[in-house]
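All residue numbers for the sequence shown refer to UniProt numbering, where the first residue is 1 and numbers rise by one. Heads up, the thing below is written out as structure tokens.
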Amino acid sequence: MEMTSFANGTILIATVKDSIDEWIYIQANNSEFRVRVHEDTSFPEFQLLRKANPISVSSVEIEENEVVASKASLVKGDDAYGAESTHRNGTDCFVEAHEILNNQLTGIAYAESPMEASEKGIELWLRVITDWSEELKKATNNYAENRILGRGGYDVVYKGILPDQRVVAIKKSKVMDGNQVEQFINELLIVTQVNHRNVVKLLGCCFESEVPELVYEYIPNGTLFQHIHKPLSWLTLDHRLRIAVEAASALFYLHSAASIPIIHRDVKSANILLDANYVAKMAYFSASRLVPLVQTQVTTLVQGTLGYLDLEFFHTSQLNEKSDVYSFGVVLVGLLTGKKPICLERSQEERNLASYFLVSMKENRLYQILEPRVLKEGTLEQLQAIAELVKRCLCVKSEDRPAMKEVVELEILRKYKKDPWVNQRSHERVKVC
1 MEMTSFANGT
11 ILIATVKDSI
21 DEWIYIQANN
31 SEFRVRVHED
41 TSFPEFQLLR
51 KANPISVSSV
61 EIEENEVVAS
71 KASLVKGDDA
81 YGAESTHRNG
91 TDCFVEAHEI
101 LNNQLTGIAY
111 AESPMEASEK
121 GIELWLRVIT
131 DWSEELKKAT
141 NNYAENRILG
151 RGGYDVVYKG
161 ILPDQRVVAI
171 KKSKVMDGNQ
181 VEQFINELLI
191 VTQVNHRNVV
201 KLLGCCFESE
211 VPELVYEYIP
221 NGTLFQHIHK
231 PLSWLTLDHR
241 LRIAVEAASA
251 LFYLHSAASI
261 PIIHRDVKSA
271 NILLDANYVA
281 KMAYFSASRL
291 VPLVQTQVTT
301 LVQGTLGYLD
311 LEFFHTSQLN
321 EKSDVYSFGV
331 VLVGLLTGKK
341 PICLERSQEE
351 RNLASYFLVS
361 MKENRLYQIL
371 EPRVLKEGTL
381 EQLQAIAELV
391 KRCLCVKSED
401 RPAMKEVVEL
411 EILRKYKKDP
421 WVNQRSHERV
431 KVC
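The following block contains the structure:
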């Protein structure tokens, strides 16, 4: 058995070949995850068997029958969990199962391809590009500067064009130390569990380049941050509220509908992408955390973006879904005001936008900081309702903030009849809270 290690420490990424199959093993936080290469496809497909509890892969047995089926078993202690594939006309049709917690089988589904799996919402498929490190270089014109879509603290995202002319976004780490490997594995494991129209889709990953790379669907219209902070933003109030609802729907899904609850931990307008139809797509999950079903919060290092960071989390290091709610409230403030969350060029009172928004509400002068277009297009009822929602999201105590399920009710606000405040000079008559 041949093993090649790409990382050290407690985290291991390795390719393992035996006489039957090729596998990729990922070990992180005392858990092992196994990915098998299906050699019979023109574009190799991998299936990812995920475990929330620490596991030990002790054996793999495959019995093949050309017509009927083949089986593989993953052994944990005395218990075995199976995955079987049937063969029809030379095509593998996989039925997958995986165990999340307490030896409970949580998912069984059929799919004949990753495309069908995606359409059916099956969470166990992952396309991994093998022998493609050179192809990804070509796709990005050798990672050219003019192909850069965005930069993070530890990674760069490039626009790439694959040989089949598909346009993709390729996320590549700047360096690959132990911490970066952990973030890469964390993001990989999280996004393979997510399937929602308002969450950016992972198309694949490459383990064979100098540093691992993630390949995402390409989202052409940039970030929400870029659009709301333009000098003359074209986004109407209706557009802003629709985008807010879509982002809220994504967070509600992550908190409540994913197989294991997920806390994004870095919700901000720069991490909300807009597709060709300006539909919101939540992105960037390297800081995200899975929350075991038996827990409501986790203790972790404080991480986030200044201005969006939940103050309670900052002081206690106790992370829960309400931390995302606070950050979402700051996104709403940006949508309403067109202002950045932190600006050192503003006065001391105005420097932190969230705090300034709450003070303005308390002093009945919110109209002074709302973007003129928002004032013109919104009704008094709408703006009162949105401002009150923002106020609840920004509560200091997480227990006083609404759940994302409640926040999704923003959809109702979009249905109000418009009564624009056109040429309203007497602002003193307008009380938003």
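C-beta: ideal position from N, C-alpha, C; glycine also.
If you reduce the DSSP assignment to three classes, tell me which class S347 lands in. Position 347 of the sequence shown, counted from the start, is the residue given in the question as residue 347. Note: S347 maps to coil in three-state DSSP.
Could you tell me the distance, in whole angstroms, from the CA atom of P219 to the CA atom of N195? Position 219 of the sequence shown holds residue 219. Position 195 of the sequence shown holds residue 195. Before going on, a small fix: residue 219 reads as Ile here, not Pro. Going by the C-alpha atoms only, they are around 16 Å apart.
Buried or exposed for P163, going by 16 or more other Cβ atoms inside 10 Å? Along the sequence shown, read from residue 1 onward, the residue named residue 163 stands at position 163. Counting Cβ neighbours within 10 Å, P163 comes out exposed, since fewer than 16 surround it.
Taking three-plus beta-carbon pairs below 8 Å as touching, is the region 251-261 in contact with the region 354-369? no
CA-to-CA distance, S360 to G338, given in whole angstroms: Taking the sequence shown and counting its residues from 1, one reaches residue 338 at position 338. Taking the sequence shown and counting its residues from 1, one reaches residue 360 at position 360. In a straight line, the C-alpha of G338 is about 15 Å away from that of S360.
G150 versus T305: straight-line alpha-carbon distance, rounded: In the sequence shown, counting from the first residue as 1, residue 150 sits at position 150. In the sequence shown, counting from the first residue as 1, residue 305 sits at position 305. One C-alpha to the other measures close to 16 Å.
Pick helix, strand or coil for K397, following the three-state DSSP scheme. Counting from 1 along the sequence shown, the entry for residue 397 is found at position 397. Three-state result, K397: coil.
Distance, E187 Cα to I263 Cα: As a working note, residue 263 is residue 263 in the sequence shown. As a working note, residue 187 is residue 187 in the sequence shown. Between I263 and E187, the C-alpha separation is close to 12 Å.
Whose CA, out of I148, I260, K397, L241, lies closest to the CA of Y326? Position 326 of the sequence shown, counted from the first residue, corresponds to residue 326. Among I148, I260, K397, L241, the Cα nearest to that of Y326 is on K397.
Which one of N271, R351, H239 has the shortest CA to CA distance from D324? Locating residue 324 in the sequence shown gives position 324, counting from the first residue. Among N271, R351, H239, the Cα nearest to that of D324 is on N271.
Consult DSSP for S173 and reduce its assignment to one of helix, strand or coil. Taking the sequence shown and counting its residues from 1, the one referred to as residue 173 is at position 173. The answer is strand: DSSP assigns S173 an E or B state.
Going by DSSP, name the residue or residues bridged to L273. The residue labelled residue 273 in the question sits at position 273 within the sequence shown. Note: L273 sits in a beta bridge opposite T223, K281.
Would you call the CB atoms of A247 and N198 closer than 8 Å? For the purposes of this step, residue 247 is identified with residue 247 of the sequence shown, where counting begins at 1. For the purposes of this step, residue 198 is identified with residue 198 of the sequence shown, where counting begins at 1. Yes, they are a contact pair.
In whole angstroms, what is the alpha-carbon distance linking K391 and D310? As a working mapping, residue 391 is identified with position 391 in the sequence shown. As a working mapping, residue 310 is identified with position 310 in the sequence shown. Distance between the alpha carbons of K391 and D310 is about 14 Å.
Bridge-paired residues (DSSP) for I263: Reading the sequence shown from its first residue, position 263 is the one you call residue 263. Answer is R289.
Pairing CB atoms from the region 143-158 with CB atoms from the region 166-173, are three or more of them under 8 Å? yes
Return the chain-ordered list of same chain residues with a C-beta closer than 8 Å to the C-beta of R147, the five sequence neighbours on each side being excluded. Here residue 147 corresponds to residue number 147 of the sequence shown, with the count starting at 1. Result list for R147: T140, N141, Y158, K159, G160, in chain order.
Can the beta-carbon of V215 be found less than 8 Å from the beta-carbon of V408? Here residue 215 refers to the residue found at position 215 of the sequence shown. Here residue 408 refers to the residue found at position 408 of the sequence shown. Their beta carbons are not under 8 Å apart, which means V215 does not touch V408 by this criterion.
Starting from G204, follow its DSSP beta bridges and name the residues at the other end. The residue given as residue 204 occupies position 204 in the sequence shown. G204 is bridged to V215.
Can you tell me whether DSSP reads K268 as helix, strand or coil? For the purposes of this step, residue 268 is taken as the residue at position 268 of the sequence shown. In this structure, K268 counts as coil in the three-state DSSP scheme.
Cβ neighbours of V374 in the same chain (closer than 7 Å, five flanking residues each side left out): The residue labelled residue 374 in the question sits at position 374 within the sequence shown. L237, L336, listed in sequence order.
Examine the Cβ distances between the region 266-285 and the region 218-232 and report whether three or more of them are shorter than 8 Å. yes
So what's N195 in DSSP terms, helix, strand or just coil? As a first step, residue 195 must be located in the sequence shown, where it is residue number 195. Residue state, collapsed to three classes: coil.
Whole angstroms are fine: how far does the CA of P341 sit from the CA of A283? Residue numbering aside, residue 283 sits at position 283 when the sequence shown is read from its first letter. Residue numbering aside, residue 341 sits at position 341 when the sequence shown is read from its first letter. When rounded, the distance between both Cα atoms is 19 Å.
Figure out for me which residue from F285, E213, R401, Q180 has the closest Cα to the Cα of K137. In the sequence shown, the residue the question calls residue 137 occupies position 137. Out of F285, E213, R401, Q180, E213 has the C-alpha closest to the C-alpha of K137.
Simplified DSSP assignment, three categories, for S42: The count along the sequence shown starts at 1 and reaches residue 42 at position 42. A caution first: S42 carries a pLDDT of 31, below 50, which makes its placement in the model too unreliable to give a value.
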